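Contents: one structure, followed by commentary.
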Amino acid sequence: MAPSRASKNYQVGGVNVANPYNINTLSKPENYGKQCVRSLTYNHHMNQSYASDVCMEPIFWFVDNFTHLLGPFFVFAVICLTTAVVTICYWIGLPYWWSRNRYMTVFLMIVGHWLLLNVVYNFYKAASVSPGYPPEKELIVEAVSICKKCIAPKPPRTHHCSVCNRCVLKMDHHCPWLNNCVGYHNHRYFFLYMLYTTIGTLFIISFGFELGYGVLFLDETGWKEMEPLQGHPVRFNLSGHIIPVTEMNDYEHDGMAPAQHDLPLPHPSDRSETIHGAILFMALINVATLFALGSLTAWHSTLITRGETSIEAHINKSETKRLAAMNKLYRNPYDYGSRQNWRLFLGVTRKRTWWRHVLLPSSHKPEGNGLTWLAYDSASDNADEWP
Ligand SMILES: [Zn+2]
Ligand SMILES: [Zn+2]
């Protein structure tokens, strides 16, 4: 016997429902209302990722419209935090090390200032140097596509930044902490800022650990070792004269036991409480920065080794998947091999040296013009022409 119409399930509004023609089902007011709403709101293209995109839309809108306004506050916060960390190093760390080992202090001062110089210089350059934009009102022969938002030609590796509202050459990402886009001209400064800041926090944690541990966990003020007591014990008498104590065990001669006093313990001074707070601040800020910037530096190092930007990492991943499904191998056209990728990224080309142009601040420009890029295949053919 053929199944009756009433026992079949039907798709209405993308949902399995009992036979909608069954007049008995629809006659119930709640079912009728449900089907009405479903049929009016049905969208064949609706799926989970579309729905989550729509839900995220207010967040994207907020980021696009307010990142620009919040940028100066983020930059101000970075400057304040860095200044506070350096001030505490001078105020507490420097006298601590000076009282322990003067030669070591000189060494730490040289390394610390070398790191500070690189951090400040690279932050200033990353925030102030323009990332590079495609030329306007000019014919761009290198253009590979058209930006739908700028309605303008787009050279290879260029992407549109929705915060800056313009196209950026070799765009990596928009950084709120720099209030600037990271792209072709300032990518090196951005990476070196992260690298030197990570090394800087590691430096502070390593050489401030013992001091911090003593203050936070052993309840030392940190001043004991900085200002050790000098001289010998003295005794006051009623005439106001100070008499040096020459024998430490006076009492034993008289056959008397030293008197026991329950003296009140001194209250921790305001100064030691401030030091405690400063050390706690240093511990939190340095450990947090080490984890945050350390992992970001490691991630960007992987990208540089592979010759790709943050945006290209997504594109290359989906292209690899797409071609793998067709049994084909995808190759990033801008990956010239890890060593050459690093040389080009850091601009250690044209007889520039690592110690002068990476270890010390340097304003040299990146290779090329940001519009033309050698693809891997042509690059291997022109290996002799590498700078
Ligand atoms: Zn654009
Ligand atoms: Zn931007």
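Residue numbers (the working numbering): 1473 to 1859.
Just so you know, even glycine gets a beta-carbon here, dropped at the ideal spot from N, CA and C.
Note that the structure is predicted; figures quoted are calculated from it, not measured.
Query, Result
"Start and end residues, beta strand (DSSP E) containing residue 1521", "Taken as a continuous stretch (DSSP letters only), residue 1521 belongs to no beta strand (DSSP E), being part of the alpha helix (DSSP H) at 1520-1560."
"Cα-Cα separation, residue 1676 to residue 1577", "13 Å"
"Assigned secondary structure, residue 1612 (DSSP; H/G/I helix, E/B strand, else coil)", "coil"
"Beta-carbon proximity list for residue 1597, same chain, < 6 Å, skipping 5 on both sides", "1661"
"Inter-stretch contact at 8 Å, needing at least 3 Cβ pairs: the region 1626-1640 / the region 1790-1801", "no"
"Nearest-angstrom Cα separation, counted from residue 1624 out to residue 1840", "22 Å"
"Proximity of residue 1652 and residue 1599 at Cβ, strictly below 9 Å", "yes"
"Heavy atom of ligand 1 within 8 Å of residue 1508 beta-carbon", "no"
"Boundaries of the alpha helix (DSSP H) in which residue 1797 is found, first to last residue", "1782-1797"
"Residue 1632 CB to nearest heavy atom of ligand 1 below 8 Å", "yes"
"CA nearest to the CA of residue 1772, picked from 1835, 1665 and 1831", "1665"
"The region 1744-1755 in contact with the region 1552-1564 per 3-pair CB rule at 8 Å", "yes"
"With 16 other Cβ atoms within 10 Å as the buried cut-off, status of residue 1642", "buried"
"Whole-Å CB distance - residue 1681 paired with residue 1580, under 8 Å assumed", "Not a contact, Cβ separation roughly 13 Å."
"Residue closest to residue 1768, alpha-carbon to alpha-carbon, out of 1544, 1646, 1670 and 1820", "1670"
"For residue 1807, the nearest candidate out of 1608, 1825, 1775 and 1550 (CA to CA)", "1775"
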